[in-house]
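The structure appears below as structure tokens.
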Amino acid sequence: MHSRSGCTHRRRTTLRVALAASLTAAFTAALGAPAGATPTVAGASVVDIPVTFKVFNRNATGIPCQQEPDGEVYTIHANLVAPQDLIRASSPAVTMYLHGLGYSSFFFHLTEVPEYDYAREQAEQGHVSLVVDRLGNPAHDDLKDGNATCLPAQADMADQIADHLRAGSYEAGKPVPKFGRVILAGHSAGGLIAELTQSIFQSAEAVAVIGYTHYPSPLTLQTFFASGQDCLTAPQPSRGDSGAPNYAAFGRTDEDFAAGHFHDVEPAVADIVLRKRNRDACGDLLSGLQGLIGTSLQTPAILVPTLLIVGKNDALFPPGGPTIQTQTAYPQASRLSVVEMENTGHAITFGRTHEEFRSIFAQWLAENQA
Numbered sequence: 057m058h059s060r061s062g063c064t065h066r067r068r069t070t071l072r073v074a075l076a077a078s079l080t081a082a083f084t085a086a087l088g089a090p091a092g093a094t095p096t097v098a099g100a101s102v103v104d105i106p107v108t109f110k111v112f113n114r115n116a117t118g119i120p121c122q123q124e125p126d127g128e129v130y131t132i133h134a135n136l137v138a139p140q141d142l143i144r145a146s147s148p149a150v151t152m153y154l155h156g157l158g159y160s161s162f163f164f165h166l167t168e169v170p171e172y173d174y175a176r177e178q179a180e181q182g183h184v185s186l187v188v189d190r191l192g193n194p195a196h197d198d199l200k201d202g203n204a205t206c207l208p209a210q211a212d213m214a215d216q217i218a219d220h221l222r223a224g225s226y227e228a229g230k231p232v233p234k235f236g237r238v239i240l241a242g243h244s245a246g247g248l249i250a251e252l253t254q255s256i257f258q259s260a261e262a263v264a265v266i267g268y269t270h271y272p273s274p275l276t277l278q279t280f281f282a283s284g285q286d287c288l289t290a291p292q293p294s295r296g297d298s299g300a301p302n303y304a305a306f307g308r309t310d311e312d313f314a315a316g317h318f319h320d321v322e323p324a325v326a327d328i329v330l331r332k333r334n335r336d337a338c339g340d341l342l343s344g345l346q347g348l349i350g351t352s353l354q355t356p357a358i359l360v361p362t363l364l365i366v367g368k369n370d371a372l373f374p375p376g377g378p379t380i381q382t383q384t385a386y387p388q389a390s391r392l393s394v395v396e397m398e399n400t401g402h403a404i405t406f407g408r409t410h411e412e413f414r415s416i417f418a419q420w421l422a423e424n425q426a
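Next up, the structure:
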């Protein structure tokens, strides 16, 4: 059992989860067949459906970017991973997951290692997940230029996706589910985006911030500085020697990346993550400061139930930040849940505590009718 600390005064609760002895056996049955061009059915109970959304690459947040987005229409790629019986014309709830820098949707949907496939494990327990590849991710190479978007624009696009999920106005085969409730969750920079999305657009019925606080470590600032310098002086193509221009890595080397993200991660899992990690659009990297300031100023406008969950061994957003943040950031949240996980680093879905993270999150989802 991992110890956690949180707030217990008005509007604030701390999640307390006891892992049953049968937890490991229940979760190792999770299936990990990769999503293809058509829906995949796993064990006749879980479906993995590729979906797409049409969005405007715009910034209506009021938070300026170094270079404003190009305003064009783009296709966002994602996967619905869900219990088969919940994919119907009218579905109760979906959680939209936004990845951070250096990742794509594999952060929440690692098909190569079934027991680390967070989205499938949640589906096995009855929860619907939308794992998103944000615009500019090299997995799809849709963005024409890495300078053509920014983190505030990513928040605007997340709000557009939430609207499409409610209206059923996206491509998913048949039926196209319309969701009555949308929960918003983001890891690291995805947590920053989730905070901006909710505080400005009020897009979701609840919001979860994973591995992100308003108090980054010196290592985080150094990494942002290095990636920003690369963007300004030596930008790279999005994929190796090809792809869209104006990209850079958040962590110049694998060693740099591992130092910020990994704590108590199985070597085989770490190897897969390092192999899959990607470069990021320079527009996102160069708008990190604006995003950080924006979340610090905007989060008091969040009114819905909010979860802040971080690792106590997170090298990028270290202990101390959550304590301050719970006192200042969410004064109007209808309910605030705070979890600090022992022996857990920044890559919270890939550490050896990944099952506890999933269990904590599942309880919070159930509390919010998701």
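With the numbering used here, letter number 115 in the sequence shown gets 171, and the count goes up by one each step, no holes.
Glycine included, C-beta positions come from ideal geometry on N, C-alpha and C.
Same chain, Cβ closer than 7 Å to residue i, five either side skipped, listed in chain order
{"i": "residue 335", "result": "194, 292, 294, 303, 304, 305"}
{"i": "residue 212", "result": "114, 115, 116, 117"}
{"i": "residue 187", "result": "134, 135, 137, 153, 161, 164, 165, 175"}
{"i": "residue 97", "result": "Only weak support is given to the placement of residue 97: the predicted model assigns it a pLDDT of 48, under 50, and the value that follows is read from those uncertain coordinates. Cβ neighbours of residue 97 beyond the five flanking positions: 103, 140."}
{"i": "residue 307", "result": "158, 279, 313, 316"}
{"i": "residue 374", "result": "273"}
{"i": "residue 310", "result": "330"}
Buried or exposed by the 16-neighbour rule on C-beta atoms within 10 Å, applied to residue i
{"i": "residue 93", "result": "Unreliable positioning characterises residue 93 in this predicted model, as indicated by a pLDDT of 38, which lies under 50. The coordinate reading is nonetheless provided below. So residue 93 ends up on the exposed side."}
{"i": "residue 297", "result": "exposed"}
{"i": "residue 327", "result": "exposed"}
{"i": "residue 372", "result": "buried"}
{"i": "residue 427", "result": "Because residue 427 is not part of the residues shown, which for the chain are 57 to 426, the question remains open."}
{"i": "residue 125", "result": "buried"}
{"i": "residue 351", "result": "buried"}
{"i": "residue 167", "result": "buried"}
{"i": "residue 425", "result": "exposed"}
Sequence-distant residues of its chain with Cβ nearer than 6 Å to residue i (five each side left out)
{"i": "residue 413", "result": "404"}
{"i": "residue 183", "result": "421"}
{"i": "residue 215", "result": "253, 257, 259"}
{"i": "residue 264", "result": "241, 363"}
{"i": "residue 276", "result": "372"}
{"i": "residue 48", "result": "The chain is shown only over 57 to 426; residue 48 falls outside these bounds and no answer can be derived."}
Within 8 Å, strictly: CB atoms of residue i and residue j
{"i": "residue 397", "j": "residue 367", "result": "yes"}
{"i": "residue 427", "j": "residue 340", "result": "The first residue shown for the chain is 57 and the last is 426, placing residue 427 beyond what the model contains."}
{"i": "residue 192", "j": "residue 337", "result": "yes"}
{"i": "residue 207", "j": "residue 101", "result": "no"}
{"i": "residue 155", "j": "residue 246", "result": "yes"}
{"i": "residue 220", "j": "residue 112", "result": "no"}
{"i": "residue 271", "j": "residue 380", "result": "yes"}
{"i": "residue 416", "j": "residue 395", "result": "yes"}
{"i": "residue 357", "j": "residue 197", "result": "no"}
Beta carbon proximity, residue i to chain B, threshold 8 Å
{"i": "residue 308", "result": "No chain B is present in this structure, which holds just one protein chain."}
- Can you give, in chain order, each stretch of the beta strand (DSSP E) that sits fully within the stretch 220 to 298 and has at least 3 residues? Runs found: 234 to 243, 262 to 266.
- Message: With three or more beta-carbon pairs closer than 8 Å as the criterion, would you say the stretch 139 to 159 touches the stretch 238 to 245?
- Response: Verdict: yes, contact present.
- Kindly provide the ranges of any beta strand (DSSP E) runs that are 3 or more residues long and lie completely inside the stretch 365 to 405, ordered along the chain. For the stretch 365 to 405, whole beta strand (DSSP E) runs of length 3 or above, ordered along the chain, are 392 to 397.
- Query: Do the stretch 385 to 405 and the stretch 362 to 369 meet, that is, are 3 or more Cβ pairs less than 8 Å apart?
  - Reply: The stretch 385 to 405 and the stretch 362 to 369 touch, with no fewer than 3 CB-CB distances between them shorter than 8 Å.
- Item | Whole runs of the alpha helix (DSSP H) within the stretch 97 to 139, excluding any shorter than 4 residues | Counting only unbroken stretches of 4 or more residues, no alpha helix (DSSP H) element lies wholly within the stretch 97 to 139.
- Runs of alpha helix (DSSP H) wholly within the stretch 169 to 206 (minimum 4 residues, chain order): Given a length threshold of 4 residues, each whole run of the alpha helix (DSSP H) inside the stretch 169 to 206 is given here in chain order: 174 to 180.
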